[in-house]
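Asks:
Residue numbers (our numbering): 10 to 156.
1. Ordered along the chain, which non-local residues of its own chain (more than five positions away) have a Cβ less than 8 Å from that of residue 80?
2. Is residue 143 helix, strand or coil when you go by DSSP?
3. Sorted by chain position, which residues of the same chain lie with C-beta nearer than 6 Å to residue 41's C-beta, five sequence neighbours on each side aside?
4. When the distance is taken between beta carbons, is residue 144 closer than 8 Å to residue 133?
5. Tell me the rounded alpha-carbon separation between residue 86 and residue 10.
6. Please classify residue 30 as buried or exposed, where buried requires at least 16 other C-beta atoms within 10 Å of its C-beta.
7. My output table needs one value for residue 61: the three-state DSSP class, helix, strand or coil.
8. Could you give the first and the last residue of the continuous beta strand (DSSP E) run that contains residue 104?
9. Between which two residues does the beta strand (DSSP E) holding residue 123 run?
10. Using a threshold of 8 Å, state whether the C-beta atoms of residue 93 and residue 156 are closer than that.
11. Taking residue 50 as part of the alpha helix (DSSP H), name the residues at either end of that continuous run.
12. Can residue 129 and residue 63 be called in contact, C-beta distance under 8 Å?
Rendered as structure tokens:
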């Protein structure tokens with residue numbers, strides 16, 4: 010009986026320690042998202058619409074900056090439910106690099122800005138080679154203006 014009590018208390022202590030460590034290590038954002046998010050919050054109009062090219066970047070950028078509006082949220086299925094035609098067209102653009110232009114994406118989405126976090130550095134270079142104009146670029150990522 011005492012052995013079970015000791016094991017139970019040990020398991021509770023380990024769970025609490027693990028939770029505290031996870032919270033202290035992971036603050037809900039990455040350094041790249043924090044830097045880009047802070048810049049956008051200070052330099053872009055409040056409620057400006059942004060295209061985040063990869064929907065997986067949404068959680069970290071949202072925690073870093075809630076002043077702007079992001080097109081891809083937690084899962085593209087929500088975008089499909091809200092506007093299937095526009096979502097499929099956006100997906101086609103993102104998967105057809107030869108058709109992807111800032112003007113075309115801006116007209117489709119109503120967004121004026123797009124961003125890419127540092128972990129997609131090759132994609133930043135790719136977009137710049139095709140005429141996308143950065144308004145902010147750092148080792149943490151890039152914010153483009155879509156005109």
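Ideal placement from N, C-alpha and C gives every residue a C-beta, glycine not left out.
Replies: From the atom records:
1. 58, 59, 60, 61, 88, 99, 118 and 120
2. strand
3. 126, 127, 149 and 150, listed in sequence order.
4. At least 8 Å separates the beta-carbon of residue 133 from that of residue 144.
5. 50 Å
6. With a pLDDT of only 44 at residue 30, under the threshold of 50, the placement of this residue in the model should not be trusted; the figure read from the coordinates follows. Result: exposed.
7. strand
8. No beta strand (DSSP E) holds residue 104; the alpha helix (DSSP H) holding it covers 93-104.
9. 122-126
10. no
11. 40-52
12. Yes, the pair counts as a contact, with Cβ atoms nearer than the cut-off.
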